[in-house]
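J.: Each step along the sequence shown adds one to the number in UniProt numbering, with nothing skipped, and position 18 is 18.
Backbone N, C-alpha and C define an ideal beta-carbon position, used for all residues, glycine too.
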Amino acid sequence: MAKKQATNILSLIEAEHRQVEQLFSEAEKSQGKKLYECFNQIYLALNLHARTEELVFYPAMREYEETEQYVEEAEEEHEDVSALLEEIKELQPTAPEFQEKLSELQQAVQHHVQEEESEIFDAVRECMSDEELTELASEFQEAKAKLEEDVKAAMAM
């Protein structure tokens, strides 16, 4: 019987990045109510992802000199994305600036993802053991599950 390979945190984060890319792709083809539904999914996914990274992944990165240097910039990028999310949340999907802001958000996310998946992940792989990456995956999933209700409640406001 083949042994199931445990998921590591980098695989989880990459999967979430692909999910958000898919949501942006769907939003590009949508308008009106469907566009707003897509945005709400993007809002939930990005907020959950960022908060979970900040609770689990970034503290682990601070433990190593080689990866600590990336945390501040990544957190700043999360703040920029969060600010854009809040701006868009206040707009109607029919407003001219809605698509403009959504495009700006997509570009900011693409930049963050590209940097994270190349430079940051390479540095993390150099420092952290497979065991540590697998343990972080479990912590990431647990933290995300706990945060989901908080983020959904914030969306309702």
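With DSSP run on the structure shown, which of helix, strand or coil describes residue 159?
T.: This structure does not reach residue 159, given that the chain is present from 1 up to 157, and the question cannot be answered.
J.: Could you give the residue range of the alpha helix (DSSP H) that holds V56?
T.: No alpha helix (DSSP H) holds V56; DSSP gives it neither H nor E.
J.: For Q31, does the three-state DSSP call read helix, strand or coil?
T.: In the structure shown, Q31 sits in coil (DSSP, three-state: anything other than H, G, I, E or B).
J.: Near A143, which residues of its chain fall below 7 Å by C-beta distance, leaving aside the five closest residues on each side in sequence?
T.: Counting only Cβ-Cβ distances below 7 Å, and skipping sequence neighbours, we find T52, L55 and V56.
J.: Beta carbon of A50: closer than 7 Å to some heavy atom of the ligand NAP?
T.: Looking for the ligand NAP in the displayed structure turns up nothing, as the structure carries no ligands at all.
J.: Under 8 Å between the Cβ atoms of L84 and V151?
T.: No, the pair does not count as a contact, with Cβ atoms beyond the cut-off.
J.: Can you find a C-beta in chain E that's less than 8 Å from the C-beta of L133?
T.: Note that chain E does not occur in the displayed structure, where there is just one protein chain.
J.: Using the beta-carbon count (16 or more within 10 Å), is T67 buried or exposed?
T.: Buried, because 16 or more other Cβ atoms sit within 10 Å of the Cβ of T67.
J.: Under 8 Å by Cβ, that's how I've got I120 and Y70 pegged, so tell me the actual separation to the nearest angstrom.
T.: Between Y70 and I120 the Cβ distance is about 5 Å, and since that is below 8 Å, they are a contact.
J.: I need the boundaries of the alpha helix (DSSP H) containing S82, first residue and last residue.
T.: Here the alpha helix (DSSP H) through S82 covers E65 to K89.
J.: Quick one: any contact between the stretch 74–84 and the stretch 104–116, if contact means 3 or more CB pairs under 8 Å?
T.: Enough Cβ pairs lie closer than 8 Å, so yes.
J.: Whole-angstrom Cβ separation of A27 and L35, contact assumed at under 8 Å?
T.: Indeed they touch by this definition, with Cβ atoms about 6 Å apart.
J.: Since I believe G32 is in contact with P93 (beta carbons under 8 Å), could you give me their beta-carbon distance rounded to a whole number of angstroms?
T.: Rounded, the Cβ-Cβ distance is 6 Å, consistent with contact.
J.: Closer than 6 Å by C-beta to V124: which residues in its own chain qualify, once you throw out the five before and the five after it? Chain order, please.
T.: Contacts found: T67.
J.: Which residues in the same chain as R62 place their Cβ atom closer than 7 Å to its Cβ, once the five residues preceding and following it in sequence are excluded?
T.: Cβ neighbours of R62 beyond the five flanking positions: E68 and V71.
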